[in-house]
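Trainee: I'd like to ask some things about the structure below.
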Amino acid sequence: MSRRYWIPAVGLGLLFLSAVPTLLPRYAIDLIAQGMIFAIVGMGLDILVGYLGLPSLGHAAFFGLASYGLAIPVTRLGWAPWAGAGVGLLTAAVAAALFGLLAVRCRGVYFLVSTLAFGQVLWGGAVKWTSVSGGYNGIPGIPRPSLFGWSLWEPDAFYYFVYAVFVVVAAMLVLFVLSPVGKILTGIRESESRMRVLGYRNQLYRYMAFSLSAFVTGIAGILMAYFNTFVGPDSLHWSLSAQTLLMVILGGAGTLLGPAGAGILLVVAQNLISNVTERWTMVLGLLYVATMLFAPRGVLVLLRGLLAQRRPSS
Amino acid sequence: MTALSVEQISCHYGGLKALDSVSFSVAEGARHVILGPNGAGKTTLFDVITGEKSPSSGRIMLFGRDVTGLRSDRRAWLGLARTFQITNLFWDLTVEENVLLACLAQEQSRRVFYRPAGSFPDLVAKTRSLLEEFGLGKLAKVKVRSTSYGEQRQLEIVIALATQARLILLDEPTAGLSGEATKLVTRLTGNLPATITVLLVEHDLDVAFQVSQTATVLHQGKLIAHGPIEEVRANPTVRQIYLGRR
Ligand SMILES: Nc1ncnc2c1ncn2[C@@H]1O[C@H](COP(=O)(O)OP(=O)(O)O)[C@@H](O)[C@H]1O
Ligand SMILES: [Mg+2]
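Taken in order, these protein sequences are the chains called A and B.
Residues in the first sequence are numbered consecutively from 492, following the working numbering.
Residues in the second sequence are numbered consecutively from 90, following the working numbering.
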């Protein structure tokens, strides 16, 4: 999309998000905070799916691991909430660094299946290892920290905390995808053999991008644990991975801001629709089918195409 | 100095012997053509030289160094570049991004992840000048998949030139091009600096004779003839199996 459109669009979006606590009722504020958390997952996953061309069905693993990594030391060992956040992020990063060694050797459906298996093994672990993870009951009572003297128990303070993290992560990832390394990822997606004979170490780039993607997802996992003050095995389940993958595809893989927008809108839509019908997954499925029919490259890419048609000069 | 030597190279696809103990060498600065009918093993030979396929036996020497066990990205850093017979580009990226990725491959900035690629003046300038030099400037912002076949073949060559390699392998660069485009490609390959060694697979004998002085002929994976191009042309076996077909 030309700068003429997307800079004002992003500016307006951010302005709206910053005004949410003054405009909307309590439950809507929480909903949008939750949406921004999913938007972070969407952007992290898009690095992998859109830029590198590797669809993952196990990204919930890093989301859930970060949440458990935070919850366990904080609730069982009495660690400070910030220290717990560090442990959570470290857990996600170490898991990505280890699993990444295997994952980046797989392509296409093999990558899909290996990430799916990885996520489900962790889910199984969280369900079975009751003494540590609390099993199906999960771990309640995760405390929220304070930031610069502001308690994040205060709903508006928490909203702005999530907003700030979202904006910083988005800005850094935008820089990342525009950078030489970001361009190189798209080259690897398009032709590995061409990149190899040019002299690129594809495997190294793939490994770093996988780790980055997992780390960003871990950040969202920390925020979600603070938001819910609870973590359960659902946060590791493949159905969460599938929903986030749909989010990326609906928003437009490889556009970064498309999946971010889709993350916020889908959380809001899920909530509104759940008030009317219990068949949210069916609605999501229909949305997916409609996207594949009318905008196979994502909604943002469709909009971009429509705008370009109206201005043939560009 | 010898740019490339191929020593006793054999290569298999399952039970099929695509290369059968092939040996020859190419001097630095040479313009050398590989001839042979379809299926002779020419592309396989290029794959073995670049490291995309490992040989079942034999050795590859690049500029006096044994590279047989080296990964293809490492060989690129020794100054090796190639084009592909089946166009191999970044289809969903623009022409400019394709050339930029080629220019970036062996620059320090390939490691930078926190600053836009467009903010490196040297990189941008190099990309621009290559695009202009080969008349692709107007197509800079066009996605490669919406360009013409001729433009794509040209881009293949530009990308191979961008890394400033010392040995360039061109796999049928003019295949499927019109006469006009063929002339352009001939000029491009002819205009390369004399220090650069060029290995060319070419079906069009007129093009082959225009750009090269030495030749190697392959047939069913075996080396049939090697030497100055006039001698190769006069070789009776070559006339029978290759030229006789025309
Ligand atoms: N990927 C492959 N798998 C199996 N056989 C192949 C493959 N590539 C090439 N061949 C076979 O190897 C032989 C040499 O092919 P190739 O090197 O492409 O010849 P040329 O480039 O001279 O036309 C042919 O018989 C071809 O069918
Ligand atoms: Mg061939």
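Here a beta-carbon is modelled for each residue, glycine too, at the ideal position from N, C-alpha and C.
Predicted model only: the values in this text are computed from it and were never measured.
Which residues, in chain order, sit with a beta-carbon under 6 Å away from any heavy atom of ligand 1?
Mentor: Here the list is Y102(B), L105(B), A107(B), G125(B), N127(B), G128(B), A129(B), G130(B), K131(B), T132(B), T133(B).
Trainee: How about M492(A): is its C-beta nearer than 7 Å to some C-beta of chain B?
Mentor: Taking the first residue of the first sequence as position 1, residue 492(A) is located at position 1. Note that M492(A) scores 47 on pLDDT, short of 50, meaning its location in the model is unreliable and no value can be drawn from it.
Trainee: Name, please, each residue of chain A whose Cβ falls closer than 8 Å to the Cβ of L189(B).
Mentor: As a first step, residue 189(B) must be located in the second sequence, where it is residue number 100. Those within 8 Å of L189(B) in chain A are K674.
Trainee: If you measure from the CB of Q309(B), is any heavy atom of ligand 2 nearer than 6 Å?
Mentor: The residue you call residue 309(B) lines up with position 220 of the second sequence. Not under cutoff, so the answer is no.
Trainee: Hey, A92(B) and F152(B) are a contact pair by Cβ (cut 8 Å); roughly how many whole angstroms apart?
Mentor: Residue 92(B) sits at position 3 when you count from the first residue of the second sequence. Residue 152(B) sits at position 63 when you count from the first residue of the second sequence. Right, the Cβ-Cβ distance comes to about 6 Å (below 8 Å), so this counts as a contact.
Trainee: Can you find a heavy atom of ligand 4 that lies under 6 Å from the Cβ of Q243(B)?
Mentor: Judged by which ligands are present, ligand 4 is missing from the structure shown, whose ligands are ligand 1 and ligand 2.
Trainee: Taking 7 Å as the threshold (beta carbon to beta carbon), is G678(A) in contact with chain B?
Mentor: One-based indexing of the first sequence puts residue 678(A) at position 187. Output row for G678(A): interface = yes.
Trainee: Verify the CB distance criterion: does P671(A) have a CB-CB separation below 7 Å to chain B?
Mentor: Residue mapping note: residue 671(A) aligns to position 180 of the first sequence, counting from 1. Cβ-Cβ to chain B under 7 Å: yes for P671(A).
Trainee: Rounded to the nearest angstrom, how far is the Cβ of I531(A) from that of F657(A), given a contact under 8 Å?
Mentor: Residue 531(A) sits at position 40 when you count from the first residue of the first sequence. Residue 657(A) sits at position 166 when you count from the first residue of the first sequence. Contact holds; Cβ gap of about 6 Å.
Trainee: For S198(B), return the contacting residues in chain A, with the cut-off set at a CB-CB distance below 8 Å.
Mentor: Position 109 of the second sequence, counted from the first residue, corresponds to residue 198(B). Correct list: P671.
Trainee: Runs of 4 residues minimum, wholly inside the region 699-753 of chain A: which ones carry the alpha helix (DSSP H) assignment?
Mentor: Whole alpha helix (DSSP H) segments, 4+ residues: 729-742.
Trainee: Given that P317(B) touches chain A, what residues does it touch there, using C-beta distances under 8 Å?
Mentor: Within the second sequence, residue 317(B) is the residue found at index 228, counting from 1. Going along chain A, no residue has its Cβ under 8 Å from P317(B), so there is no contact; the nearest lies around 30 Å.
Trainee: DSSP state of S208(B), grouped into three classes?
Mentor: If you number the second sequence from 1, residue 208(B) lands on position 119. Looking at S208(B) - three-state DSSP - the assignment turns out to be helix.
Trainee: For G747(A), which residues in chain B fall below 9 Å Cβ to Cβ?
Mentor: Working through the first sequence from its first residue, we reach residue 747(A) at position 256. This sequence places Leu at residue 747(A); Gly is not what is there. Neighbours of L747(A) on chain B: none; closest Cβ ~14 Å, over 9 Å.
Trainee: Anyone know if the C-beta pair for I538(A) and S704(A) falls short of 7 Å?
Mentor: On the first sequence, residue 538(A) is found 47 positions in, with the first residue counted as 1. On the first sequence, residue 704(A) is found 213 positions in, with the first residue counted as 1. Cβ distance < 7 Å, so I538(A) and S704(A) count as in contact.
Trainee: Chain A partners of D162(B), CB-CB under 7 Å?
Mentor: Here residue 162(B) is taken as the residue at index 73 of the second sequence, counted from 1. By Cβ distance, chain A contributes R687, G690, Y691, R692.
Trainee: Please find out if some non-hydrogen atom of ligand 2 comes closer than 6 Å to the beta-carbon of Q174(B).
Mentor: By one-based count along the second sequence, residue 174(B) stands at place 85. Flag set: Cβ of Q174(B) near ligand 2.
Trainee: Is E769(A) close to chain B, meaning its C-beta is less than 7 Å from at least one C-beta of that chain?
Mentor: Counted from its first residue, the first sequence places residue 769(A) at position 278. Not closer than 7 Å to any Cβ of chain B, the Cβ of E769(A) fails to qualify, so no.
Trainee: Evaluate contact between the region 198-207 of chain B and the region 145-161 of chain B, counting only Cβ atoms and requiring at least three cross-stretch pairs below 8 Å.
Mentor: Short answer: they don't touch.
Trainee: Could you spell out the range, first to last residue, of the alpha helix (DSSP H) harbouring A661(A)?
Mentor: On the first sequence, position 170 is the one that residue 661(A) refers to. Element bounds for A661(A): 646-669.
Trainee: Can you find a C-beta in chain B that's less than 7 Å from the C-beta of E645(A)?
Mentor: Translated into the one-based positions of the first sequence, residue 645(A) becomes position 154. Chain B contact via Cβ: absent.
Trainee: Is it true that the region 616-633 of chain A meets the region 164-181 of chain B, where meeting means three or more beta-carbon pairs spaced less than 8 Å apart?
Mentor: They do not touch, by the three-pair rule.
Trainee: Taking DSSP as the reference, what is the three-state secondary structure of I633(A)?
Mentor: Residue mapping note: residue 633(A) aligns to position 142 of the first sequence, counting from 1. Here I633(A) sits in coil by DSSP.
Trainee: So F667(A) contacts chain B; which residues on that side make the cut at Cβ distance below 9 Å?
Mentor: The residue labelled residue 667(A) in the question sits at position 176 within the first sequence. Going along chain B in sequence order, the residues near F667(A) (Cβ under 9 Å) are F202, Y203.
Trainee: Residues in its own chain within less than 8 Å of S145(B) by CB, not counting five upstream and five downstream?
Mentor: To locate residue 145(B), count along the second sequence from 1; it is residue 56. The residues are S99, C100, H101.
Trainee: What three-state label does DSSP hand F639(A) in the structure shown?
Mentor: Stepping through the first sequence from its first residue, residue 639(A) is reached at position 148. Correct three-state label for F639(A): coil.
Trainee: Given T271(B), which residues of its chain have a CB within under 8 Å of its CB, disregarding the five upstream and five downstream residues?
Mentor: Counting from one through the second sequence, the residue named residue 271(B) turns up at place 182. If we look at T271(B) and ignore the five residues flanking it on each side, its Cβ neighbours are T263, D293, V296.
Trainee: Spell out the partners DSSP gives V532(A) in its beta bridges.
Mentor: In the first sequence, the residue the question calls residue 532(A) occupies position 41. V532(A) pairs with nothing; no bridge assigned.
Trainee: Could you name the residues of the same chain whose beta carbon sits closer than 8 Å to that of M90(B), not counting the 5 residues immediately before and after it, in chain order?
Mentor: Residue mapping note: residue 90(B) aligns to position 1 of the second sequence, counting from 1. So the list reads A116, E117, F152, G153, once near-sequence residues are dropped.
Trainee: Can you list, in chain order, the residues of its chain whose CB lies under 7 Å from that of D109(B), leaving out five sequence neighbours each side?
Mentor: As a working note, residue 109(B) is residue 20 in the second sequence. Same-chain partners within the cutoff: S99, G310, K311.
Trainee: Does the Cβ of W573(A) have 16 or more other Cβ atoms within 10 Å, making it buried, or fewer, making it exposed?
Mentor: Numbered from 1 along the first sequence, position 82 holds the residue referred to as residue 573(A). Classification of W573(A): exposed, given that the 10 Å Cβ count is below 16.
Trainee: Any beta carbon of chain B sitting closer than 7 Å to that of E681(A)?
Mentor: Here residue 681(A) is taken as the residue at index 190 of the first sequence, counted from 1. Closer than 7 Å: yes.
Trainee: Any C-beta of chain A sitting closer than 7 Å to the C-beta of Q195(B)?
Mentor: As a position in the second sequence, residue 195(B) is number 106, starting the count at 1. By this cut-off, Q195(B) is an interface position.
Trainee: Could you tell me which uninterrupted alpha helix (DSSP H) segments, each at least 4 residues in length, are contained entirely in the region 175-260 of chain B, listed from first to last along the chain?
Mentor: As far as the region 175-260 of chain B is concerned, its whole alpha helix (DSSP H) runs of at least 4 residues are 184-193, 210-222, 238-251.
Trainee: Per the DSSP calculation, P325(B) is bridged to which residue(s)?
Mentor: If you number the second sequence from 1, residue 325(B) lands on position 236. P325(B) is not bridged to any residue.
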